[in-house]
């Protein structure tokens with residue numbers, strides 16, 4: 002399909018419909034923005050779905066964390082402890098007594114753990130208080146760098162306002178492990194030993210101020226208010242403030258740090274984003290991962306500002322409202338190394354046995370597994386009732402959120418939302434592009450495919466920004482706007498634009514290529530019955546010796562019709578592809594117009610290119626016919642540009658769009674004049690002037706047509722500019738020299754030049770024709786003065 006006519010069609014449609022397209026764009030963008038703001042038409046669900054698809058497709062494959070290791074209560078732990086009688090006596094069954102965590106924490110520190118983060122709460126007394134005290138005693142004596150979780154409850158008394166201090170900032174390294182006492186008990190058949198004697202003592206009760214100072218963390222928020230711990234009551238809808246539930250007194254006094262354990266699930270129950278600190282109206286509380294990271298980074302406080310989180314010397318970009326999305330980077334098992342609590346217990350027991358009895362030590366856990374790492378401890382098994390959904394997994398342990406947060410706070414980063422104006426600008430672009438595409442192209446296939454592509458594929462845009470910038474650009478809002486704009490454009494195309502178009506198409510489909518008919522339709526103006534004068538280029542072609550040609554089929558007229566139809570179809574297809582309006586067929590002759598009824602500024606160039614293409618098409622057809630034993634269809638062509646009278650000659654009931662005038666007559670005579678010069682394509686003087694920069698020609702002669710006294714210069718069209726072979730160019734140059742000599746009546750000199758030309762190119766028809774004329778005038782000189790003009794009788 003020609004590019005220029007198609008562009009003209011689109012330009013006309015744009016001119017006629019730009020107001021409609023602009024209106025639809027504005028309405029679609031505004032409507033999508035309102036849906037985004039008020040969560041209309043389930044846009045929130047659509048956005049979360051698109052975000053999840055982009056996240057899982059584009060951001061998986063992050064390398065395994067070098068900072069965080071997970072130690073979890075998995076199925077192996079539940080089964081292993083349950084099957085070991087000694088373990089059951091010492092630790093019970095899940096939930097285990099606190100002395101188990103004393104052993105685990107102590108062993109992790111001995112193995113070089115940088116810090117321990119416990120994803121759980123310890124706010125209820127155990128059945129044996131000595132086990133609770135055992136944990137507190139280990140924390141105090143060993144200085145274990147532990148960050149312990151705490152929960153909140155609406156029925157809990159409020160804590161008084163205090164001036165919080167981060168107790169663990171700049172904390173010295175924990176002391177080395179003490180030499181184990183000889184009083185150990187066998188743990189299993191393998192000879193494991195554990196459990197030191199712990200003196201039973203009752204911790205004094207806690208004062209509320211002491212609890213508040215332990216749990217609260219200094220948080221400085223500027224530019225926005227911290228999210229509240231209020232919760233809507235399920236009974237009457239009233240909003241109730243939730244307050245921290247204090248951990249056990251012994252742990253409040255000995256645990257170095259505490260962090261708020263909060264689900265932070267989206268409406269659909271999936272973990273996607275987080276806030277870093279909350280307030281109950283009196284004090285500020287950091288979430289578990291933030292509290293742990295503040296200790297690790299030596300931060301005196303958590304500093305929050307629109308778009309910025311600062312912990313000590315580390316600063317991270319976040320959302321303007323103080324939130325951020327979690328960069329999971331894949332399934333949690335690929336992101337983090339995970340070990341079993343049972344494996345830690347077994348490793349501890351074997352080391353104890355080795356130190357006390359001197360037995361060979363075969364490690365359960367490789368050396369340096371925990372060295373320099375932050376160890377996150379929590380539940381992994383379904384039985385721990387801590388299973389959550391993430392964009393990557395429908396069932397994942399809840400501690401994955403804390404692991405991802407810790408990784409981001411220590412060495413990675415969060416996903417942040419793009420500024421709303423960026424998403425709004427993208428929405429505007431998608432709406433404008435959608436309505437423009439459907440309105441301009443008007444393809445039924447596209448009207449079906451584009452909405453589907455928007456619906457199913459726009460998350461790819463979100464994924465691209467997530468992958469390359471950790472930026473979340475809204476997907477649902479642009480998709481909604483694009484769908485609305487598309488449907489509006491489809492309705493416009495089918496409801497308001499079809500009637501007039503179809504009328505024009507029916508009138509001109511026989512004469513013009515479909516693309517040009519579309520262009521004519523978009524002009525919204527039927528050519529006038531009265532006609533008009535405009536500059537156009539006329540095309541005439543004819544088969545050489547058609548009368549003799551047709552006599553071969555006098556006994557088989559159907560074969561003649563089939564061959565002629567084949568020829569005319571091939572030629573007409575080429576012409577219409579180049580923008581021609583078919584005027585008429587006169588037997589084997591083809592008459593067409595360039596520049597009418599459509600405005601075509603480059604009509605002369607298009608006509609020349611079409612003539613060259615017809616010559617190539619006919620040459621290919623001649624080869625085919627020769628192989629089939631059919632007659633030759635050698636075709637001659639004449640082109641002429643001039644101002645002609647064009648119009649719809651006839652009536653409103655029978656349309657015959659054509660042109661009349663001397664310009665048409667000259668085009669017809671130039672087609673016939675090819676015979677005298679043995680040429681294929683001859684063009685008139687104005688055609689040459691209009692197209693000279695785009696074509697290669699040979700000036701043939703100056704001629705005077707029948708009925709006219711004025712002489713005109715005619716040219717042979719040879720090729721597109723720059724495509725004439727060097728040998729042919731040399732022949733043309735010799736011809737031009739000979740023509741100049743001929744016009745000076747120096748016939749003998751011209752004859753010698755032409756003879757040289759024919760030696761190099763024996764098949765050159767114009768050289769033979771001019772040579773014959775020079776030889777004639779050499780024998781019979783013309784009457785002087787000699788003007789070199791040839792009169793064309795036909």
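Residue numbers (this note's numbering): 2 to 795. We put the CB at the ideal spot given by N, CA and C, even for glycine. Quick caveat: nothing in here was measured; it's all calculated off a predicted structure.
- Collapsing the DSSP output to three states places residue 293 in a helix.
- Within the model, the alpha-carbon separation for residue 356 versus residue 350 is close to 10 angstroms.
- Proximity to residue 382 across 77, 761, 34 peaks at 77, based on C-alpha coordinates.
- In the same chain as residue 347, and ignoring 5 residues on each side of it, the C-beta atoms closer than 6 angstroms to its own belong to 365, in chain order.
- Looking at 589, 732, 484, the one whose alpha-carbon comes closest to that of residue 42 is 484.
- The distance from the Cβ of residue 418 to that of residue 473 is about 5 angstroms, consistent with a contact at the 8 angstroms cut-off.
- Within a 10 Å sphere around the beta-carbon of residue 717 sit 16 or more other beta-carbons, which makes this residue buried.
- Annotation: the continuous beta strand (DSSP E) that includes residue 232 extends over 231–233.
- Within the DSSP bridge table, the entry for residue 702 names 715 as partners.
- Considering only 324, 255, 222, the residue with the shortest C-alpha distance to residue 145 is 255.
- According to DSSP, residue 287 shares a beta bridge with 278.
- Rounded to the nearest whole angstrom, the CA to CA distance from residue 441 to residue 14 is 6 angstroms.
- Exclusion of the five residues before and after residue 471 leaves 328, 414, 415, 416, 417 as the residues of its chain whose Cβ lies within less than 8 angstroms of its Cβ.
- Boundaries of the beta strand (DSSP E) around residue 318: 315–318.
- Judged by their CB atoms, residue 68 and residue 412 are nearer to each other than the 8 angstroms cut-off.
- Comparing alpha-carbon positions, the option among 239, 287, 210 lying closest to residue 228 turns out to be 287.
- Remark: C-beta atoms of residue 306 and residue 224 approach each other more closely than 8 angstroms.
- Excluding five sequence positions before and after residue 243, the CB atoms of its chain that fall closer than 8 angstroms to its own CB belong to 153, 154, 155, 157, 230, 231, 232, 281, given in chain order.
- In this structure, residue 212 keeps its C-beta atom at 8 angstroms or more from the C-beta atom of residue 272.
- Non-local beta-carbon contacts of residue 669 in its own chain, meaning distances under 7 angstroms to residues more than five positions away in sequence, involve 541, 639 in chain order.
- Secondary structure of residue 53 (DSSP, three-state): helix.
- Sequence-distant Cβ neighbours of residue 34 in its own chain, meaning closer than 8 angstroms and more than five residues away, are 425, 428, 478.
- Closest in C-alpha terms to residue 573, from the list 548, 555, 616, comes 616.
- The beta carbon of residue 376 sits closer than 6 angstroms to the beta carbons of 70, 72, 109, 114, 117 from its chain, once the five residues preceding and following it are set aside; these are given in chain order.
- Counting of Cβ neighbours within 10 angstroms places residue 443 among the buried residues, the total reaching 16 or more.
- Judged by beta-carbon spacing, residue 789 lies within the 8 angstroms limit of residue 743, meaning their Cβ atoms are closer than that value.
- When secondary structure is reduced to three states using DSSP, residue 224 falls in the coil class, being assigned neither helix nor strand.
- With contacts defined as CB atoms closer than 8 angstroms, residue 647 and residue 612 fail to qualify as a contacting pair.
- Around the beta carbon of residue 562, fewer than 16 other beta carbons lie within 10 angstroms, which makes this residue exposed.
- The continuous beta strand (DSSP E) containing residue 148 extends over residues 147–151.
- Below 8 angstroms, enough C-beta pairs join the region 447–464 and the region 430–438 to call them touching: three or more.
- Annotated three-state conformation of residue 466 is helix, per DSSP.
- With a 10 Å radius around the Cβ and a threshold of 16 neighbouring Cβ atoms, residue 24 comes out exposed.
- As the crow flies, the alpha-carbon of residue 61 is around 8 angstroms from that of residue 332.
- Below 8 angstroms, enough C-beta pairs join the region 120–134 and the region 96–111 to call them touching: three or more.
- With a 10 Å radius around the Cβ and a threshold of 16 neighbouring Cβ atoms, residue 642 comes out buried.
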